[in-house]
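Student:
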Amino acid sequence: MMITRRSLLAAPACLLLSRPLFAQEAQPSLIARAQAHEQMRTLLVQRGGVRVVEEVFRGPGVAVPVNVKSASKTLVATLLGCALDRGEVPGVSSGLGEVAPELIPAEAAEEVADITLEDLVTLRAGLERTSGANYGGWVASRNWVANALGREMVAEPGGRMLYSTGSTHVLGAVLAEVSGESLLALMRDRLGAVLGEVPRWTRDPQGYYLGGNEMAVSPEGLARFGEMILAGGMHEGARLVSADWITRSFVARTRSPWSGLGYGYGWFLGEAGGMGYGLARGYGGQVLAVCPEAEVVVVITSDPNQPARSGGYFGALQSLVEEVIAGA
């Protein structure tokens, strides 16, 4: 018998819950392993649209918005797909000098005008990073967009990955300019059907909402967003973003120098059990994993004030996610 999404949705919940997520005879249960991580707050696992694990270890319930940190970069990237669908930008190969020249500061390098939307969404702008040790100075500046774009060019635009929240913030400012709406309004209007409540979050001195950090979404909202991705951009009969954008988003354009994962349009990309998956990742261990082939969505929220490095807590979360996917 072939197991399809339809058959999974039609199956009794008790049958789905009785099926192991992976070979538990060979290792501790998923929930026990997750609970052992003191940073972890929430774990949701969905298979074929059915919730098979829902655990709140610490913190608020699954319907309460929590800070998802840089996992919001994936949401901003999806809004770029929405802008393309609406014709607000001509294409991902469009440069800043074409779509939002007013954002480019006078002191910017000549190459900045040619930085494309694809360069921004794939974190390959070529500019000195604003993340890591540079983050504090960046958010203390009087103009976050100008500060990010006025930095030294340290690589060719479209070259290597330079993880930088400044790049996603610039992208968010571009989306606000071309649409005439704030990033908050875009999140609520275009993705609110799946995200649910989206509270106001940090804005820069010019009023642009921070693109790529400090946004709050509930674990439930992230799970619905993941299901929308599995459904090719559809939610309850309405199209939120094109299927083509989702397909293109899951193509690796570069690779993280730290985790080794590929990176597409806002998604880290890995493989488990011979199946590809996308990962939204935020500081502290905020995770949304989506595996289209296995029809699996995993949501993890964690303490946003503690680090989660690839060789530490995040590495453990990635292993957990990959075991769930491989066992599905």
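First residue of the sequence shown? That's 0 in this note's numbering, and the numbers climb one at a time after it. Built from N, CA and C at the ideal position, the CB exists for glycine as well. Just so we're clear, the structure is a prediction, and the values are computed from it rather than from any experiment.
Any chance the region 38-46 sits against the region 291-299, with 3 or more Cβ pairs inside 8 Å?
Tutor: Touching, per the Cβ criterion.
Student: Quick one: which unbroken beta strand (DSSP E) runs of 3-plus residues sit fully inside the region 100-170? Chain order, please.
Tutor: If we require 3 residues or more, the region 100-170 turns out to have no beta strand (DSSP E) run fully inside it.
Student: If I follow the unbroken beta strand (DSSP E) through Arg280, where does it start and stop?
Tutor: Note, Arg280: beta strand (DSSP E), Met274 to Gly281.
Student: Would you decide whether Gly80 is buried or exposed? Buried here means 16 or more other CB atoms lie within 10 Å of its CB.
Tutor: It is buried - the Cβ of Gly80 has at least 16 other Cβ atoms within 10 Å.
Student: Distance check for Ser28 and Leu116, CA to CA, integer angstroms please.
Tutor: Their backbone Cα atoms lie some 43 Å apart in a straight line.
Student: Distance, Cα to Cα, Leu182 vs Val65?
Tutor: Answer to the nearest angstrom: the Cα atoms are 18 Å apart.
Student: Across the region 126-135 and the region 171-180, are there enough close Cβ pairs to call them in contact, namely three or more that are closer than 8 Å?
Tutor: Flag = no, the region 126-135 and the region 171-180 do not touch.
Student: In angstroms with no decimal places, state the Cα-to-Cα distance between Val51 and Val98.
Tutor: Near 44 Å, if we compare the C-alpha coordinates of Val98 and Val51.
Student: Could you compute how far the alpha carbon of Gly94 sits from the alpha carbon of Gly171?
Tutor: About 15 Å.
Student: Run the CB neighbour count on Arg123, radius 10 Å, all protein chains shown included, and call it buried at 16 or more, exposed below.
Tutor: It counts as buried.
Student: What is the rounded straight-line gap between the Cα of Gly263 and the Cα of Ile30?
Tutor: Their backbone Cα atoms lie some 30 Å apart in a straight line.
Student: Looking only at DSSP bridge pairs, what is Ile324 linked to?
Tutor: Paired residues: none, contrary to the question.
Student: Checking 8 Å against the spacing of the C-beta atoms, do Val120 and Val216 come in under that value?
Tutor: Not in contact: Val120 and Val216 (Cβ atoms no closer than 8 Å).
Student: Mind checking who Asn66 pairs with in its DSSP beta bridge?
Tutor: According to DSSP, which records beta bridges pairwise, Asn66 is partnered with Ala215.
Student: Return helix, strand or coil for Gln305, following the three-state DSSP convention.
Tutor: Gln305 falls in the coil class under three-state DSSP.
Student: Exposed or buried, Gln305, counting other C-beta atoms within 10 Å across all chains shown (16 or more means buried)?
Tutor: It counts as exposed.
Student: Buried or exposed, going by whether 16 or more other CB atoms sit within 10 Å of the CB of Val250?
Tutor: So Val250 ends up on the exposed side.
Student: Check this for me: beta carbons of Leu102 and Leu148, under 8 Å apart or not?
Tutor: Yes; because the gap between Cβ atoms is below 8 Å, this pair is in contact.
Student: Here's the rule: buried if 16 or more other CB atoms are within 10 angstroms of the residue's CB, otherwise exposed. What is Thr246?
Tutor: Exposed, since its Cβ has fewer than 16 Cβ neighbours within 10 Å.
Student: Checking 8 Å against the spacing of the C-beta atoms, do Val75 and Thr201 come in under that value?
Tutor: Not closer than 8 Å, so no.
Student: Which of the three DSSP states is assigned to Tyr264 in this structure?
Tutor: Tyr264: coil per DSSP, three-state reduction.
Student: Just curious, the alpha helix (DSSP H) that Glu97 is in, first and last residue?
Tutor: Leu95 to Val98 is the extent of the alpha helix (DSSP H) around Glu97.
Student: Apart from the five residues just before and just after Gly58, which ones in its own chain have a Cβ nearer than 6 Å to its Cβ?
Tutor: Correct list, in chain order: Arg40.
Student: At what residue ranges does the region 225-263 contain a whole run of the alpha helix (DSSP H), taking only runs of 4 or more?
Tutor: Runs of the alpha helix (DSSP H) inside the region 225-263: 242-248.
Student: Rank Gly195, Tyr208 and Leu161 by C-alpha distance to the C-alpha of Met227 and give the top, closest one.
Tutor: For the residues Gly195, Tyr208 and Leu161, the minimum Cα distance to Met227 belongs to Gly195.
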